[in-house]
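Take 571 as the starting number for the sequence shown in this note's numbering and just add one per residue. Here a beta-carbon is modelled for each residue, glycine too, at the ideal position from N, C-alpha and C. Notes for the one structure printed next.
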Amino acid sequence: MSKIEDIVDALENKISKILHKQEVLKQTNAKLSEQLEEQQQKLLIQQDEIAGWIEKHDTLKMANSMLGSDENKRETKLKINTLIRDIDHCIGQLSE
Numbered sequence: 571m572s573k574i575e576d577i578v579d580a581l582e583n584k585i586s587k588i589l590h591k592q593e594v595l596k597q598t599n600a601k602l603s604e605q606l607e608e609q610q611q612k613l614l615i616q617q618d619e620i621a622g623w624i625e626k627h628d629t630l631k632m633a634n635s636m637l638g639s640d641e642n643k644r645e646t647k648l649k650i651n652t653l654i655r656d657i658d659h660c661i662g663q664l665s666e
């Protein structure tokens with residue numbers, strides 16, 4: 571009978587250790603999930619900032635070319651032509 575009790579005690583100890591490890595892993599997983607969420611939010615904020623800076627950069631390039639800078643004249647003309655086509659398309663849709 572003593573061997574069976576020893577085996578049962580050892581099994582209980584192992585189960586207890588496994589349950590403890592499982593709880594620790596659950597807590598670690600929860601912390602990692604929270605950190606991941608925070609990092610994803612930071613990434614979205616940074617992507618929005620980058621998009622804003624890109625838009626400002628493009629606007630400044632266009633303004634410089636309109637002021638007579640030869641660097642971006644072609645690009646500005648293409649942008650203006652695109653805007654004119656978009657406006658023409660909108661006018662066409664409104665007149666229908």
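Secondary structure of residue i, DSSP reduced to three states
i: Glu604; result: helix
i: Leu595; result: helix
i: Leu589; result: helix
i: Leu637; result: coil
i: Glu625; result: helix
i: Glu619; result: helix
Short Cβ contact (8 Å threshold) for residue i with residue j
i: Thr646; j: Met636; result: yes
i: Lys643; j: Met632; result: no
Residue i versus residue j - alpha carbon distance
i: Leu606; j: Asn651; result: 44 Å
i: Gln617; j: Glu593; result: 36 Å
i: Ile620; j: Leu613; result: 10 Å
i: Ile580; j: Leu602; result: According to the sequence provided, residue 580 is Ala. The question's Ile does not apply to it. Ala580 and Leu602: Cα-Cα distance of roughly 33 Å.
i: Ser572; j: Glu604; result: 48 Å
i: Ile657; j: Gln663; result: 10 Å
i: Trp623; j: Ile615; result: 12 Å
i: Leu595; j: Ile574; result: 31 Å
i: His590; j: Gln597; result: 11 Å
i: His659; j: Lys626; result: 26 Å
C-beta neighbour in chain B for residue i, strict 8 Å
i: Leu602; result: Given the protein chain composition of this structure (a single chain), no chain B is represented.
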